[in-house]
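Chemist: For the protein sequence lines, the chains are U and D, in the order given. Heads up, the first sequence stops at 181 in my numbering, and the numbers go up one at a time, no gaps. Heads up, the second sequence stops at 117 in my numbering, and the numbers go up one at a time, no gaps. Questions regarding the structure given below will be posed in turn.
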Amino acid sequence: DAGVIQSPRHEVTEMGQEVTLRCKPISGHDYLFWYRQTMMRGLELLIYFNNNVPIDDSGMPEDRFSAKMPNASFSTLKIQPSEPRDSAVYFCASSFSRDSAEAFFGQGTRLTVV
Amino acid sequence: AQSVTQLDSQVPVFEEAPVELRCNYSSSVSVYLFWYVQYPNQGLQLLLKYLSGSTLVESINGFEAEFNKSQTSFHLRKPSVHISDTAEYFCAVRSNNQGGKLIFGQGTELSVKP
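Shown next, in the form of structure tokens:
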């Protein structure tokens, strides 16, 4: 398996534009996590899914952020409209459906909003 | 609710010296504990994990961590560090019956100097 695949690796956009980040989890994994990493706040859990269903989205900063998982092999995180404070590295991770299972991370998407 | 505290944001150390990176967790139920490592511009990689059994767990590159239930700690240690160990280290917790949520600490930046 190629691991968790995220695209794009880098995204530069202007304030107010819509941004869509994409993630393909490892085949067979039931959980999918979206994290945001910044210098100030570290690694924050934004939302996670189990079997394509959102379980906890309490970490989503505000209504400008939305995430979907239409099927077991694809998820998106959308920011509309984007703001400079959204600049961060966004990671997607997936795991098997066991509490003892470790998560496998993608390489991340570095988002810069100017 | 579960949480993770990494007490040191930065740890500078000389090559071949011992190092300890501290991690404390808070959870009302049984936990599974993980240490991840992040090299510059990369995603997180699993370093080691505690699931059950022996409280001392080891990684293949000389790191070890000890689970201490009474102190709710899972400190990471290495008796002699190398330049190549320079990275950011994250402690994480996943609890039984918590919906699979995976929570990370703020991270500790380990800087190994010659």
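We treat Cβ as the ideally placed atom computed from N, Cα and C, and that holds for glycine.
1) Rounded to the nearest angstrom, how far is the Cβ of residue 109 of chain U from that of residue 109 of chain D, given a contact under 8 Å?
2) So residue 7 of chain D and residue 96 of chain D are supposed to be a Cβ contact under 8 Å. How far apart are they, rounded?
3) Assuming residue 104 of chain D and residue 115 of chain U make a contact with CB atoms under 8 Å, what is their CB distance in whole Å?
4) To be precise: take each residue of the segment 82-116 of chain D, compare its Cβ to all Cβ atoms of chain U, and keep it if any distance is under 9 Å. Which residues remain?
5) Please say whether residue 164 of chain U and residue 92 of chain U have beta carbons closer to each other than 8 Å?
6) Residue 174 of chain U CB to nearest chain D CB: under 8 Å?
7) Using Cβ-Cβ distances below 7 Å, what residues of the segment 41-53 of chain D are close to chain U?
8) Pull up the CB-CB distance for residue 55 of chain D and residue 98 of chain D, whole angstroms please, since I reckon it's below 8 Å.
9) Would residue 86 of chain U and residue 149 of chain U be called neighbours here (beta carbons separated by less than 8 Å)?
10) Nearest to residue 41 of chain D by CA position, among U:181, U:173, U:178, is which residue?
11) To which residues does DSSP link residue 143 of chain U through a beta bridge?
12) Let me check understanding here. Comparing Cα to Cα, which of D:68, D:81, D:85 lies closest to residue 94 of chain D?
13) Between residue 46 of chain D and residue 73 of chain D, what straight-line distance do the alpha-carbon atoms span, to the nearest angstrom?
14) At a Cβ cut of 7 Å, what residues of the segment 24-42 of chain D count as close to chain B, listed as they run along the chain?
Modeler: According to the data block:
1) Rounded, the Cβ-Cβ distance is 4 Å, consistent with contact.
2) Between residue 7 of chain D and residue 96 of chain D a beta carbon distance of about 5 Å is seen, short of the 8 Å cut, so the two are scored as contacting.
3) The distance from the Cβ of residue 104 of chain D to that of residue 115 of chain U is about 7 Å, consistent with a contact at the 8 Å cut-off.
4) 93, 95, 97, 98, 99, 100, 101, 102, 103, 104, 105, 106, 107, 108, 109, 110
5) no
6) yes
7) 45, 46, 47, 49, 52
8) Contact flag wrong, Cβ pair sits at about 13 Å.
9) yes
10) For the residues U:181, U:173, U:178, the minimum Cα distance to residue 41 of chain D belongs to U:173.
11) U:89, U:135
12) D:68
13) Looking at the two C-alpha atoms, the distance is approximately 32 Å.
14) Here chain B cannot be found, since the structure's protein chains are U and D.
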